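Numbering (the UniProt record's numbering), first residue to last: 1 to 342. Cβ coordinates follow ideal geometry from the N, Cα and C atoms, glycine included. None of these values were measured; they are calculated from a predicted model. I have placed the structure first, in the form of structure tokens, so that the comments after it can refer back to it.
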């Protein structure tokens, strides 16, 4: 089969012919990939940022946002059958460790992470397991939802965690209205009552944010101007700042946009959060990490998508044009998510 493989860090992946995956265990599921999302994490993977955490053996196939149709299942699989349309939770979890027992799939002690430390879905076929597959509503197509498997799931997971604090009269600030952020905005509008302010450097992204439910938008110019505008809009700061950028200064600006007692939710990454301990204590602020999401988060997100309350904005590329998609993402030319279709 054809697959996009990373051979060396800081070098463009290549489209190679590789062996097809096979069923080797009772819980295995092999999927005909209908679409694979391209994520900024893929850029960080190519740069080698995940090597110290995941230690993948190169070469391997990229792609951790995947949806398609079940081709083959192991002997113990009963939750899906051949032909079902499915989206895959990014991790293949074991179901037996303490984290799995309480539904924290992202922290499974025995997980594999296709696209990060195992072969992923930028290919014609993907091997996953029964615990990772979510059967899709008949009205949903893989190319329309694939990137929700990580970008959408991570954004929804962060909003879901914060939802109890975002009751009527509260404010949420969203930094970044791109691939993750535009799902975060829709999730906030769907499951919270917060007033939503979006900060982005792209006027087109801010226009999209308004269409998706943002009450206010702020063009990201210099930090002092953005801070003043946000504090004016929110009456002194938001209860939650969702940082979907996590680098290039956004991670340093976010704590300045929250009210005393507020929380800085870190979703994007690449930078460093640096706060004086006296500021954390005197303002009683929190920094909250967000990694992917639970299986149930993905089920809930698919329900919202089937209801038309969350929609993924995409740009589609043939799998063979993966390098164009990577270049467009890296240069900031993508509004929404890039989708590779085999």
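Under a three-way DSSP split, which group does residue i fall into?
i, result
"residue 285", "coil"
"residue 274", "coil"
"residue 313", "coil"
"residue 204", "helix"
"residue 255", "helix"
"residue 184", "helix"
"residue 52", "helix"
"residue 191", "helix"
"residue 212", "helix"
"residue 22", "coil"
"residue 269", "coil"
"residue 132", "helix"
"residue 62", "coil"
"residue 337", "strand"
"residue 197", "strand"
Rounded to a whole number of angstroms, what is the C-alpha to C-alpha distance between residue i and residue j?
i, j, result
"residue 329", "residue 32", "25 Å"
"residue 211", "residue 20", "42 Å"
"residue 96", "residue 192", "33 Å"
"residue 238", "residue 131", "37 Å"
"residue 94", "residue 113", "12 Å"
"residue 22", "residue 15", "20 Å"
"residue 181", "residue 200", "10 Å"
"residue 56", "residue 47", "13 Å"
"residue 260", "residue 123", "47 Å"
"residue 67", "residue 49", "25 Å"
"residue 296", "residue 70", "20 Å"
"residue 276", "residue 321", "46 Å"
"residue 236", "residue 161", "23 Å"
"residue 225", "residue 202", "16 Å"
"residue 103", "residue 288", "19 Å"
"residue 154", "residue 18", "30 Å"
"residue 98", "residue 107", "9 Å"
Quick check: residue i and residue j, are their CB atoms within less than 8 Å of each other?
i, j, result
"residue 5", "residue 53", "no"
"residue 38", "residue 327", "no"
"residue 219", "residue 208", "no"
"residue 214", "residue 185", "yes"
"residue 27", "residue 110", "no"
"residue 134", "residue 89", "yes"
"residue 105", "residue 294", "yes"
"residue 179", "residue 151", "yes"
"residue 194", "residue 171", "yes"
"residue 140", "residue 306", "yes"
"residue 341", "residue 314", "no"
"residue 143", "residue 35", "yes"
"residue 251", "residue 266", "yes"
"residue 117", "residue 127", "no"
"residue 292", "residue 301", "no"
"residue 345", "residue 312", "Residue 345 lies beyond the stretch modelled for the chain, which goes from 1 to 342, so this question has no answer here."
"residue 204", "residue 339", "no"
"residue 58", "residue 7", "yes"
Ignore the nearest five residues each way along the sequence and tell me which others in residue i's own chain have a CB closer than 6 Å to its CB.
i, result
"residue 373", "The structure shown does not extend to residue 373, since the chain is modelled only from 1 to 342, so the question has no answer here."
"residue 245", "175, 176 and 268"
"residue 137", "306"
"residue 319", "340 and 342"
What residues in its chain sit with their C-beta under 8 Å from that of residue i, if we drop five residues either side in the sequence?
i, result
"residue 77", "26, 27, 28, 29 and 130"
"residue 12", "46, 323 and 326"
"residue 10", "46, 47 and 48"
"residue 125", "1, 20, 21, 30, 31, 32, 33 and 71"
Report whether the distance from the Cβ of residue i to the nearest heavy atom of the ligand FMN is below 7 Å.
i, result
"residue 227", "The ligand FMN is not among the ligands present in this structure, which contains no ligands whatsoever."
Would residue i pass as an interface residue toward chain D - the criterion being a Cβ-Cβ separation below 8 Å?
i, result
"residue 115", "Checking the listed chains, one finds no chain D in this structure; it contains a single protein chain."
For the segment 137-174, list the alpha helix (DSSP H) runs that are entirely contained and at least 4 residues long, ordered along the chain. 142-145 and 151-162
What residue ranges within the segment 67-124 form continuous alpha helix (DSSP H) runs of no fewer than 4 residues, ordered along the chain? 98-101
Minimum length 3: unbroken beta strand (DSSP E) runs contained in the segment 217-243: 238-243
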